[in-house]
Amino acid sequence: MVVAGRKLLTSPNGGFPRVADLPADTGWLPLGTLDGVPAWGAAVTATGDVPGRWRSWRALAAQVPEPLAALAGRALQVVTWRRGHRYCGACRAELADVPGEPARRCPDCRLYVPMQLSPAVLVAVTRPGPVDELLLVRHSYGPTELWALVAGFVEAGESLEAAVHREVAEEVGLDLGPPVYFGSQPWAMSGPGVLLAGFTATVTDPAAEPVVDGRELVQARWFPLDALPEALPPAYSISRWLIDAAATRATG
Ligand SMILES: [Zn+2]
4 MVVAGRKLLT
14 SPNGGFPRVA
24 DLPADTGWLP
34 LGTLDGVPAW
44 GAAVTATGDV
54 PGRWRSWRAL
64 AAQVPEPLAA
74 LAGRALQVVT
84 WRRGHRYCGA
94 CRAELADVPG
104 EPARRCPDCR
114 LYVPMQLSPA
124 VLVAVTRPGP
134 VDELLLVRHS
144 YGPTELWALV
154 AGFVEAGESL
164 EAAVHREVAE
174 EVGLDLGPPV
184 YFGSQPWAMS
194 GPGVLLAGFT
204 ATVTDPAAEP
214 VVDGRELVQA
224 RWFPLDALPE
234 ALPPAYSISR
244 WLIDAAATRA
254 TG
């Protein structure tokens, strides 16, 4: 997995480059394995030096199987993290890679700097009705035309469940019953180390309407689960998996 900026290199035959395809002095970072084969990531600056096509993670994820998309996302996360962790935060010496780990260590004071994760939550909020309804929101930034789920970063000292309650209260002013865990997905698009945890939850007061804060969100409304809008998050995202699962549950 070869990364330049936010793009990944695919080889001329449409696959991913092999370690031998790149110069011998390339600095490789371990990414784990795919189908038992060790996978490595590297950052390059001169994109013209290697043959192939540079593509965004979104374009790749829309086409390749999920395990490969996840590996490409990991490459993007590890390489981006490394770029932002050059010097020791304690003594300012230049950090060195720890062989075989996504971690760095200070050669002078021995400070160990592992790659840390940033957990975030997203939640499919529903309310009962003749057909159950799903809460969808539009953001003031990013892909603003999309109808998405309420989401946000977990704060220090907070549980995932508490983060779900807080984000929904802050962003749309609704109270929820207990969040139920759905699944998770690493999400390189929101920065290195971002891990999304998906939940479902039901509002405590089915008559309550969402009120947006006007800063992060510009719109929020209930949609019957058999009449969802067209502009939904892409098929390779946990947002969409949550929405599709809710729709399947409600409509059989
Ligand atoms: Zn140090």
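For the sequence shown, the residue numbers in the numbering used here are 4 to 255.
The beta carbon of each residue, even a glycine, is placed where N, CA and C say it ideally should be.
Going by beta carbon distance, what residues of the same chain come within less than 7 Å of residue i, once the five residues before and after it are set aside?
i, result
"ARG103", "Per the sequence shown, residue 103 should be read as Gly rather than Arg. For GLY103, where only same-chain residues beyond five positions count, the Cβ hits under 7 Å are PRO33."
"ALA127", "LEU137, LEU152, THR203, LEU245, ILE246, ALA249"
"THR207", "ASP178, LEU179, GLY180"
"PHE19", "MET4, THR13"
"PRO15", "PRO54, GLY55"
"ARG107", "HIS88, LEU98, ALA99, ASP100, VAL101, VAL116"
Grab the span of the alpha helix (DSSP H) containing residue i for me, first residue to last.
i, result
"THR254", "241-254"
"ALA261", "Residue 261 lies beyond the stretch modelled for the chain, which goes from 4 to 255, so this question has no answer here."
"ARG113", "Element bounds for ARG113: n/a, residue is neither H nor E."
"LEU63", "60-64"
Taking the DSSP output, what are the residues bridged to residue i?
i, result
"HIS142", "LEU220"
"GLN188", "LEU199"
"VAL206", "LEU179"
"GLY155", "VAL124"
"LEU238", "Before going on, a small fix: residue 238 reads as Ala here, not Leu. Per DSSP, none; premise fails for ALA238."
"ASP100", "ARG107"
"TRP225", "LEU138"
Measuring alpha carbon to alpha carbon, tell me which of the options ends up nearest residue i.
i, options, result
"SER242", "LEU125, ARG224, GLN222, TYR90", "LEU125"
"ALA166", "VAL157, GLU174, ALA172", "VAL157"
"GLN188", "PRO181, VAL197, GLY55, VAL175", "VAL197"
"GLY217", "GLY18, ASP24, ARG141", "ARG141"
"SER162", "PRO146, PRO236, TYR184", "TYR184"
"HIS56", "LEU79, VAL6, GLU164", "Reading the sequence as shown, one finds Arg at residue 56 and not His. That would be VAL6, whose Cα lies nearest to the Cα of ARG56."
"ASP2", "VAL171, PRO227, ARG252, ALA93", "Nothing about residue 2 can be reported from this structure: the residues present for the chain run from 4 to 255 only."
"LEU74", "CYS109, TRP190, ARG169", "TRP190"
"THR29", "VAL214, THR48, ARG224, CYS91", "THR48"
"GLU164", "ALA200, SER143, SER193", "ALA200"
In its own chain, which residues sit with a C-beta less than 8 Å from the C-beta of residue i, not counting the 5 before and 5 after it?
i, result
"ALA234", "GLU148, LEU149, TRP150"
"GLU69", "TYR239"
"ARG89", "GLU97, LEU98"
"THR254", "VAL134, LEU228, ASP229"
Below 6 Å CB to CB, which residues in the same chain sit around residue i once its five sequence neighbours on both sides are set aside?
i, result
"VAL81", "LEU32, GLY44, PRO105"
"GLN222", "ARG141"
"ARG85", "none"
I need the boundaries of the beta strand (DSSP E) containing residue i, first residue and last residue.
i, result
"TRP31", "That residue, TRP31, is in no beta strand (DSSP E); it is neither H nor E in DSSP."
"PRO41", "40-46"
"ALA7", "5-7"
"THR13", "10-13"
Report yes if the C-beta of residue i is less than 7 Å from at least one heavy atom of ligand 1; otherwise report no.
i, result
"LEU231", "no"
"ALA96", "yes"
"ASP111", "yes"
"ALA223", "no"
"ALA93", "yes"
"PHE149", "The amino acid occupying residue 149 in the given sequence is Leu; Phe does not appear at that position. Every heavy atom of ligand 1 is 7 Å or more from the Cβ of LEU149, so no."
"LEU199", "no"
"LEU228", "no"
"LEU114", "yes"
Quick check on residue i - is its C-beta less than 8 Å from some C-beta in chain D?
i, result
"ALA93", "Of the protein chains in the structure, only one exists, and it is not chain D."
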